[in-house]
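**Student:**
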Amino acid sequence: MPIRPPVHRPKGWRDKAARDRDYLTYRDQSRVRPTRTAAWKRARRAFLAEHPVCAVCGAPATVVDHIVPHRGDLTVFWDRSRWQALCASCHGRKTAARDGGFGNPLRPPP
Ligand SMILES: [Zn+2]
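Structure, rendered in structure tokens:
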């Protein structure tokens, strides 16, 4: 029966899981995208339960849109009065046309 040869590990070598744990302790938390947090996922799910239809076309809503782009401002990001429920199609259209998507200029909401 073949025996696996020993694998060389340099002194101080740590496996990927240990390195990832270390990274989570020293990374800058302000760099974490707010839409990646569990708090946003909870808030988003609750908002969509309260507002199940798209504000534009009336289709089932799947996206919580910031009416005015938050541009990283967490006060604006978490202000529910600035949110609207949209379907993915309407959100994509709005983002491309008004929020600076695809190199388009940023335009204020109508
Ligand atoms: Zn829609």
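With my numbering, you'll find the sequence shown wraps up at 453, consecutive numbering, no jumps.
Note that CB positions come from ideal geometry on N, CA and C, so glycine has one too.
1. Would you list, in sequence order, the uninterrupted beta strand (DSSP E) runs of no fewer than 3 residues that lie entirely inside the region 350-408?
2. Would you tell me roughly how many angstroms separate the C-alpha atoms of Ser-373 and Leu-367, rounded to the nearest one?
3. Exposed or buried, which one is Trp-356 when buried takes at least 16 other CB atoms within 10 Å?
4. Give a yes or no on whether the minimum CB-CB distance between Arg-364 and chain D is below 8 Å.
5. Tell me the rounded alpha-carbon separation between Ala-360 and Arg-370.
6. Got a list of residues with beta-carbon closer than 5 Å to any non-hydrogen atom of ligand 1, in chain order?
7. What is the residue span of the beta strand (DSSP E) that Leu-417 lies within?
8. Going along the chain, which residues of its own chain have a beta-carbon closer than 6 Å to the beta-carbon of Phe-493, five neighbours each way excluded?
**Tutor:** According to the structure shown:
1. The region 350-408 contains no whole beta strand (DSSP E) run of 3 or more residues.
2. Here the question's residue 373 lines up with position 30 in the sequence shown. Here the question's residue 367 lines up with position 24 in the sequence shown. Rounded to whole angstroms, Ser-373 and Leu-367 show a C-alpha spacing of 12 Å.
3. Taking the sequence shown and counting its residues from 1, one reaches residue 356 at position 13. Exposed, since its Cβ has fewer than 16 Cβ neighbours within 10 Å.
4. The structure shown contains no chain D; it is built from a single protein chain.
5. Working through the sequence shown from its first residue, we reach residue 360 at position 17. Working through the sequence shown from its first residue, we reach residue 370 at position 27. Approximately 15 Å between the Cα atoms of the pair.
6. With 5 Å as the limit between CB and the heavy atoms of ligand 1, the residues that fall short of it are Cys-397, Val-399, Cys-400, Ala-402, Cys-430 and Cys-433.
7. Here residue 417 corresponds to residue number 74 of the sequence shown, with the count starting at 1. From DSSP, Leu-417 is part of no beta strand (DSSP E) but of the alpha helix (DSSP H) over 417-421.
8. Because the chain in this structure spans residues 344 to 453, residue 493 falls outside the shown range and cannot be described.
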